[in-house]
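All remarks here apply to the structure that follows.
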Amino acid sequence: MTLHIDIPEETFGSILAKAFRNTAFVAGFVITLLILAMAIVSYAWTPYDVTKLVIADKTQAPSLAHWFGTDHFGRDILSMVMVGARNSIAVALVAVGIGMGIGVPLGAFAAARGGLVDEALMRLNDLVFAFPALLSAIMITAIFGPGAVNAIIAIGIFNIPVFARVARAGALAIWPREFILAARAAGKSSTQISIEHVLPNIATLLLVQGTIQFALGILAEAGLSYLGLGAQPPMPSWGRMLFDAQTRMVVAPWMAIFPGMAIVVTVLGLNLLGDGIADILDPKSRRQR
Numbered sequence: 008m009t010l011h012i013d014i015p016e017e018t019f020g021s022i023l024a025k026a027f028r029n030t031a032f033v034a035g036f037v038i039t040l041l042i043l044a045m046a047i048v049s050y051a052w053t054p055y056d057v058t059k060l061v062i063a064d065k066t067q068a069p070s071l072a073h074w075f076g077t078d079h080f081g082r083d084i085l086s087m088v089m090v091g092a093r094n095s096i097a098v099a100l101v102a103v104g105i106g107m108g109i110g111v112p113l114g115a116f117a118a119a120r121g122g123l124v125d126e127a128l129m130r131l132n133d134l135v136f137a138f139p140a141l142l143s144a145i146m147i148t149a150i151f152g153p154g155a156v157n158a159i160i161a162i163g164i165f166n167i168p169v170f171a172r173v174a175r176a177g178a179l180a181i182w183p184r185e186f187i188l189a190a191r192a193a194g195k196s197s198t199q200i201s202i203e204h205v206l207p208n209i210a211t212l213l214l215v216q217g218t219i220q221f222a223l224g225i226l227a228e229a230g231l232s233y234l235g236l237g238a239q240p241p242m243p244s245w246g247r248m249l250f251d252a253q254t255r256m257v258v259a260p261w262m263a264i265f266p267g268m269a270i271v272v273t274v275l276g277l278n279l280l281g282d283g284i285a286d287i288l289d290p291k292s293r294r295q296r
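When we follow our numbering, the leftmost residue of the sequence shown carries the number 8, and every step to the right adds one.
Here it is in structure tokens:
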């Protein structure tokens with residue numbers, strides 16, 4: 008028996024052409040690519056050593072020597088923003104990976120089984136979702152102490168119910184389809200159907216949600232670092248830089264402006280990228296840009 012699976016009519020070339028006509032996608036892609044490039048470059052090179060304190064150069068305004076100025080310890084803010092980018096991206100990426108890796112199978116399993124199993128998993132999902140990432144981080148920190156790993160765990164736990172809900176909602180829309188009935192008639196198990204047919208058909212939905220959660224992960228990491236629950240000194244982080252700058256806004260506003268702009272631009276780029284992907288891959292979309 009031949010099973011039918013929905014395959015988009017557009018070829019890869021047509022999707023690519025549509026992508027480059029989509030303003031949101033292009034802008035988001037360029038911004039995200041630049042932020043990623045900055046984070047990758049920081050592993051090999053930064054203008055200055057972010058762990059070296061030069062008190063004589065403290066709170067210098069932006070100049071040719073220090074494009075973003077220096078902080079209260081004389082550290083180069085551009086270098087700190089570069090290193091902070093890789094920390095924020097790493098934390099958000101791993102946290103989203105945890106949420107997707109656990110939440111998607113749970114949501115797909117709940118949709119496949121239905122009934123009491125579905126109800127129990129969703130109520131457990133609601134219970135976990137009731138604890139925001141910040142509260143989870145505080146509880147985890149109280150037990151294990153502050154640090155980037157604990158921030159990853161907290162944000163990852165918060166992402167699990169989000170992806171579980173999205174996966175379940177998408178899967179429930181797929182299960183009544185004709186090709187799923189054909190797969191059942193062919194003797195395939197619920198697990199096989201979920202892996203071979205359901206998950207590929209909700210991949211776009213999960214991809215878009217992933218970009219959104221990635222942006223929220225950046226914000227969550229910055230918030231946790233601001234409260235001292237994220238990456239610990241001397242490792243720079245955008246949130247920690249904002250915390251250090253809050254009492255020096257008058258004498259050195261650049262200490263807050265540049266890490267703040269880094270957060271804003273990164274989140275904006277990821278949101279634009281997610282909107283662009285949703286628009287490009289949505290089969291109901293007929294907009295040409």
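We put the CB at the ideal spot given by N, CA and C, even for glycine.
List the residues that DSSP assigns as beta-bridge partners of residue i.
i   : result
T77 : D83
Could you spell out the range, first to last residue, of the alpha helix (DSSP H) harbouring residue i?
i    : result
D56  : Premise fails: D56 is in no alpha helix (DSSP H) and is neither H nor E.
I209 : Note, I209: premise wrong, no alpha helix (DSSP H); not H, not E.
M262 : 261 to 288
I159 : 155 to 181
R191 : 185 to 192
G246 : 245 to 252
S197 : 197 to 200
Could you check how far apart the C-beta atoms of residue i and residue j are, in whole angstroms? I think they sit under 8 Å.
i    : j    : result
T211 : L288 : 4 Å
A238 : A155 : 4 Å
V274 : Q216 : V274 to Q216, Cβ: 15 Å. No contact.
T283 : F80  : Note on residue identity: the sequence assigns Gly, not Thr, to residue 283. Wrong, their Cβ atoms sit about 40 Å apart, outside the cutoff.
T39  : L280 : 5 Å
R255 : M262 : 6 Å
A99  : I225 : 5 Å
M129 : A119 : Wrong, their Cβ atoms sit about 13 Å apart, outside the cutoff.
Y55  : S86  : 5 Å
G276 : G35  : 5 Å
V205 : I159 : Not a contact, Cβ separation roughly 28 Å.
T53  : V90  : 6 Å
I200 : A190 : 5 Å
I84  : F265 : 5 Å
A137 : F165 : Not really, about 10 Å apart at Cβ, beyond 8 Å.
V88  : A269 : 5 Å
V57  : R82  : 6 Å
L323 : P153 : What the structure shows of the chain is the stretch from 8 to 296, and residue 323 is not part of that stretch, so it cannot be assessed.
Under a CB-based cut-off of 9 Å, is residue i close to chain C?
i   : result
V90 : The chain labelled as chain C is not found in the depicted structure, where only one protein chain is given.
Practice task
Report yes or no: do the stretch 227 to 237 and the stretch 94 to 111 share at least 3 C-beta pairs separated by less than 8 Å?
Solution key: The stretch 227 to 237, when compared against the stretch 94 to 111, does touch it at the 8 Å Cβ threshold.
Handout entry: Unbroken stretches of the alpha helix (DSSP H), 4 residues or longer, contained in the stretch 64 to 150
Key = If we require 4 residues or more, the alpha helix (DSSP H) runs fully inside the stretch 64 to 150 come out as 84 to 120, 122 to 136.
Exercise for the section: Please determine if the stretch 131 to 142 and the stretch 55 to 72 are in contact, where contact requires at least 3 C-beta pairs separated by less than 8 Å. Expected result: Taking 8 Å as the limit for Cβ pairs, the verdict is that the stretch 55 to 72 does not touch the stretch 131 to 142.
Handout entry: At least three beta-carbon pairs within less than 8 Å, the stretch 165 to 184 to the stretch 103 to 111
Key = The stretch 165 to 184 vs the stretch 103 to 111: in contact.
Practice task
Check whether the stretch 141 to 152 touches the stretch 175 to 192, counting contact only when three or more Cβ pairs, one atom from each stretch, lie closer than 8 Å.
Solution key: With a cut-off of 8 Å, the stretch 175 to 192 and the stretch 141 to 152 do not count as touching, because too few Cβ pairs lie within range.
Handout entry: Inter-stretch contact at 8 Å, needing at least 3 Cβ pairs: the stretch 59 to 66 / the stretch 19 to 33
Key = Because the criterion of three Cβ pairs below 8 Å is not met, the stretch 59 to 66 and the stretch 19 to 33 do not touch.
Exercise for the section: Decide yes or no for the touch test of the stretch 70 to 88 against the stretch 189 to 196: beta carbon pairs closer than 8 Å, at least 3 of them. Expected result: Too few Cβ pairs lie closer than 8 Å, so no.
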